[in-house]
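Sequential numbering of the sequence shown, starting at 2, is according to the numbering used here. So the structure is just underneath, and the comments pick up after that.
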Amino acid sequence: MVIFKEFKEFAMRGNVIDLAVGVVIGGAFGAIVKSLVDDVIMPPIGLLVGNVDFSNLFWVLKEGAKTAGPYVSVAAAKQAGAVTLNVGLFINAVISFTIVAFAIFMLVKTINRLKREEKAEVAPEVVSKECRYCLSSIPEKATRCPHCTSQLD
Numbered sequence: 002m003v004i005f006k007e008f009k010e011f012a013m014r015g016n017v018i019d020l021a022v023g024v025v026i027g028g029a030f031g032a033i034v035k036s037l038v039d040d041v042i043m044p045p046i047g048l049l050v051g052n053v054d055f056s057n058l059f060w061v062l063k064e065g066a067k068t069a070g071p072y073v074s075v076a077a078a079k080q081a082g083a084v085t086l087n088v089g090l091f092i093n094a095v096i097s098f099t100i101v102a103f104a105i106f107m108l109v110k111t112i113n114r115l116k117r118e119e120k121a122e123v124a125p126e127v128v129s130k131e132c133r134y135c136l137s138s139i140p141e142k143a144t145r146c147p148h149c150t151s152q153l154d
């Protein structure tokens, strides 16, 4: 029973729950980005490059044992047992990664900006005085100048 109590305490921590929510949202975001790349971005690029469907851009490295090529799609080549180099799927994955990385960059940048603004609002006023020997600005409660190391009254 002790182990269940410890597990419950672990699972109910704020960080674990936040992480779980982040993973679920990340998975959903990944699906949206994959659809964006596969269904919205790549078709126009394929048209511009000459009616190329990037998801089916591949090279056959070894013919399939079941059926000889040519194969019309990656799925047909895999079904025939062929060994393929799937360049188009890799291109789609790189574009998906770039979009996700950019979205995360923008999110982190926004969060950092909000944190900086919050710190600027909360920063207490530093009361300072002037060192009579070197005329540097030092904290009010200082007993020794950090610049010239003079003993202060």
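Every residue, glycine too, gets a C-beta built ideally from N, C-alpha and C. On a predicted model such as this, the values are computed, not experimentally measured, just so you know.
Tell me whether residue i sits in a helix, a strand or coil according to DSSP, three-state version.
i	result
Lys-120	helix
Arg-145	strand
Pro-44	helix
Ser-36	helix
Ala-66	coil
Asp-54	coil
Val-73	coil
Met-2	coil
Arg-14	coil
Using DSSP's beta-bridge definition, name the partner residues of residue i.
i	result
Gln-152	Arg-145
Val-61	Thr-85
Ile-139	Lys-130
Report the rounded CA-to-CA distance for residue i versus residue j, giving the unit in angstroms.
i	j	result
Val-128	Lys-142	9 angstroms
Lys-6	Met-13	11 angstroms
Phe-103	Val-34	11 angstroms
Phe-106	Val-75	33 angstroms
Leu-136	Glu-119	32 angstroms
Thr-144	Ser-138	13 angstroms
Thr-99	Glu-131	53 angstroms
Ala-29	Lys-9	27 angstroms
Ala-69	Ala-81	8 angstroms
Gly-47	Ala-66	31 angstroms
Val-41	Asp-19	31 angstroms
Ala-94	Ser-36	11 angstroms
Note down, in chain order, each residue of its chain lying with its Cβ closer than 6 angstroms to the Cβ of residue i, except the 5 sequence neighbours on either side.
i	result
Trp-60	Leu-86
Ser-151	Tyr-134
Ser-58	Sequence check: residue 58 is Leu here, not Ser. The residues are Val-88, Gly-89.
Val-101	Val-34
I'd like the list of long-range same chain contacts for residue i, defined as Cβ closer than 8 angstroms, with 5 residues on each side in sequence excluded.
i	result
Val-17	Phe-11
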